[in-house]
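K.L.:
Residue numbers (our numbering): 13 to 274.
Glycine included, every Cβ here is placed at the ideal spot set by N, Cα and C.
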Amino acid sequence: MNLQIFQVDAFTSKPFGGNSAAVVPLADWLPDETMLKIAAENNLSETAFFVKDDDAYHIRWFTPAVEVNLCGHATLASAHVIFNELKLEDQSIRFHSERSGHLGVEKNGDKLILDFPSYPLNEIEQSAELADAVGKIPVKTWETQGNMVFLLMESESDIRALEPDMPALTKIPFEEFIVTAPGDDSDFVSRMFAPRIGIPEDPVTGAIHCSLIPYWAEQLGKDKLFARQISKRGGELFCELSGDRVKIGGNAKLYLKGEIYV
């Protein structure tokens, strides 16, 4: 069986930046084991698979190790492929995920705008084990759905300096570890580490902004925000809080396209 495959750099206007995702359009779903093997072979943080029906594109996301509930950058990459490679003439796309519900993407000039649910943060007690593994004592710690933990730091320089202990993080019962702080030339910055699911550090993570946007919107007193994820590759996100939804905008660049044989 031959399948089309695309690799797209998301949340960047230039190649070799942002977060790279593989995108595999399907006529029908493959066995889960096969999709996981494709994702492992791609060895990117996420591979997205989608199947079109009458009114939506059904989408799933896999890391090299597991299927995940939601992935922003791979959804952005999928939308880029649908608009630009599969030549959809509409200005909006409706995705559906069995795990995360309905997701929208709109085309706005050279940007794609994700429409995702917002997820509240629930403050939890500080953990010495977590602080030691991350490398710094946070100001506050929260958890949210999706088995994610968020740590607030004082400054962007604190975030940049972190060198987490990856083996230690794998022993803590969270899948994703997010650190955030006010930005120097942005409203806020973040980094995300997920060694338990095969991602030591994710370059740019749209899904974590489902919780970061409502938090920083409240802290800064405004609904429109500019964010940076300050990994080595880095990425820019144009954010908006809209009721119980968040809008996450970014650019995308096609890196490669071809066929895989499975």
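To the nearest angstrom, how far is the alpha carbon of F28 from that of A51?
P.N.:
Position 16 of the sequence shown, counted from the start, is the residue given in the question as residue 28. Position 39 of the sequence shown, counted from the start, is the residue given in the question as residue 51. About 20 Å.
K.L.:
How far does the alpha helix (DSSP H) with E45 in it extend, from its first residue to its last?
P.N.:
Counting from 1 along the sequence shown, the entry for residue 45 is found at position 33. Note, E45: alpha helix (DSSP H), 44-54.
K.L.:
Classify E187: buried if its beta carbon has 16 or more other beta carbons within 10 angstroms, exposed otherwise.
P.N.:
Position 175 of the sequence shown, counted from the start, is the residue given in the question as residue 187. Flag for E187 reads buried.
K.L.:
Report the rounded CA-to-CA distance for L115 versus D66, giving the unit in angstroms.
P.N.:
Here residue 115 corresponds to residue number 103 of the sequence shown, with the count starting at 1. Here residue 66 corresponds to residue number 54 of the sequence shown, with the count starting at 1. Taking the straight line joining both Cα atoms gives about 16 Å.
K.L.:
What is the rounded straight-line gap between the Cα of F95 and the Cα of N120?
P.N.:
For the purposes of this step, residue 95 is taken as residue 83 along the sequence shown, with counting starting at 1. For the purposes of this step, residue 120 is taken as residue 108 along the sequence shown, with counting starting at 1. Cα to Cα, F95 sits roughly 12 Å from N120.
K.L.:
Which class does Y69 belong to by DSSP, given the choice of helix, strand or coil?
P.N.:
Mapped onto the sequence shown, residue 69 falls at position 57. Reduced to three states, the DSSP call for Y69 is strand.
K.L.:
Give the range of the beta strand (DSSP E) segment to which R203 is assigned.
P.N.:
Mapped onto the sequence shown, residue 203 falls at position 191. Here the beta strand (DSSP E) through R203 covers 200-206.
K.L.:
Verify whether the separation of the beta carbon atoms of R203 and Q241 is less than 8 Å.
P.N.:
On the sequence shown, position 191 is the one that residue 203 refers to. On the sequence shown, position 229 is the one that residue 241 refers to. In contact: R203 and Q241 (Cβ atoms closer than 8 Å).
K.L.:
Once the 5 residues before and after D170 are set aside, which same chain residues still bring their CB inside 7 Å of it?
P.N.:
On the sequence shown, residue 170 is found 158 positions in, with the first residue counted as 1. So the qualifying residues of the chain are K148, A193.
K.L.:
What residue does the alpha helix (DSSP H) around M160 start on, and which one ends it?
P.N.:
The residue labelled residue 160 in the question sits at position 148 within the sequence shown. That residue, M160, is in no alpha helix (DSSP H); its beta strand (DSSP E) goes 160-164.
K.L.:
Using only CA atoms, which one of I190, P212, G233, L266 lies nearest to S222?
P.N.:
Working through the sequence shown from its first residue, we reach residue 222 at position 210. Ser is not the amino acid found at residue 222; the sequence shown has Cys there. Residue I190 is the option with its Cα nearest to C222.
K.L.:
Quick one: give me the first and last residue of the beta strand (DSSP E) that C83 is part of.
P.N.:
In the sequence shown, counting from the first residue as 1, residue 83 sits at position 71. First-last for C83: undefined, no H or E at that position.
K.L.:
CA-CA distance, T153 and Q138?
P.N.:
One-based indexing of the sequence shown puts residue 153 at position 141. One-based indexing of the sequence shown puts residue 138 at position 126. Taking the straight line from one Cα to the other gives about 6 Å.
K.L.:
Name the one or two DSSP bridge partners that Y273 has.
P.N.:
Numbered from its first residue, the sequence shown carries residue 273 at position 261. DSSP lists N14 as partners of Y273.
K.L.:
My output table needs one value for S90: the three-state DSSP class, helix, strand or coil.
P.N.:
Position 78 of the sequence shown, counted from the first residue, corresponds to residue 90. Correct three-state label for S90: helix.
K.L.:
Any contact of the region 42-59 with the region 99-116, i.e. 3+ C-beta pairs under 8 Å?
P.N.:
Segments in contact, no.
K.L.:
Taking only runs of the alpha helix (DSSP H) that begin and end inside the region 212-267, which ones reach a length of at least 4 residues, in chain order?
P.N.:
Complete alpha helix (DSSP H) runs here, min 4: 221-232.
K.L.:
Inspect the beta-carbon positions of I211 and T46 and report whether they are closer than 8 Å.
P.N.:
The count along the sequence shown starts at 1 and reaches residue 211 at position 199. The count along the sequence shown starts at 1 and reaches residue 46 at position 34. Not a contact, by the Cβ cut-off of 8 Å.
K.L.:
Let me know if K259 comes out buried or exposed under the rule of 16 or more other beta-carbons within 10 Å of its beta-carbon.
P.N.:
Here residue 259 corresponds to residue number 247 of the sequence shown, with the count starting at 1. With 16 or more Cβ atoms within 10 Å of its Cβ, K259 is classed as buried.
K.L.:
Are the CB atoms of I209 and V35 nearer to each other than 8 Å?
P.N.:
For the purposes of this step, residue 209 is identified with residue 197 of the sequence shown, where counting begins at 1. For the purposes of this step, residue 35 is identified with residue 23 of the sequence shown, where counting begins at 1. Cβ distance not < 8 Å, so I209 and V35 don't count as in contact.
K.L.:
Could you give the residue range of the alpha helix (DSSP H) that holds S169?
P.N.:
Position 157 of the sequence shown, counted from the first residue, corresponds to residue 169. 168-173 is the extent of the alpha helix (DSSP H) around S169.
K.L.:
Under DSSP, the beta strand (DSSP E) around E58 begins and ends at which residues?
P.N.:
Stepping through the sequence shown from its first residue, residue 58 is reached at position 46. Start and end: 58-64.
K.L.:
Name the one or two DSSP bridge partners that Q103 has.
P.N.:
Start at 1 with the first residue of the sequence shown, and residue 103 comes out as number 91. Answer is none; Q103 lacks a bridge partner.
K.L.:
Could you check how far apart the C-beta atoms of V93 and F18 are, in whole angstroms? I think they sit under 8 Å.
P.N.:
Stepping through the sequence shown from its first residue, residue 93 is reached at position 81. Stepping through the sequence shown from its first residue, residue 18 is reached at position 6. With 8 Å as the limit, V93 and F18 qualify as a contact, their Cβ atoms being about 5 Å apart.
K.L.:
Thinking just about the alpha-carbon of each residue, which of L48, A229, I272 is nearest to the one in S254?
P.N.:
Walking along the sequence shown from the start, residue 254 turns up at place 242. Here the closest residue by C-alpha is A229.
K.L.:
For S104, collect the residues of the same chain with a Cβ closer than 8 Å to its Cβ; drop the 5 residues on either side in sequence, then sort them by chain order.
P.N.:
Counted from its first residue, the sequence shown places residue 104 at position 92. Around S104: G116, V117, E118, K119.
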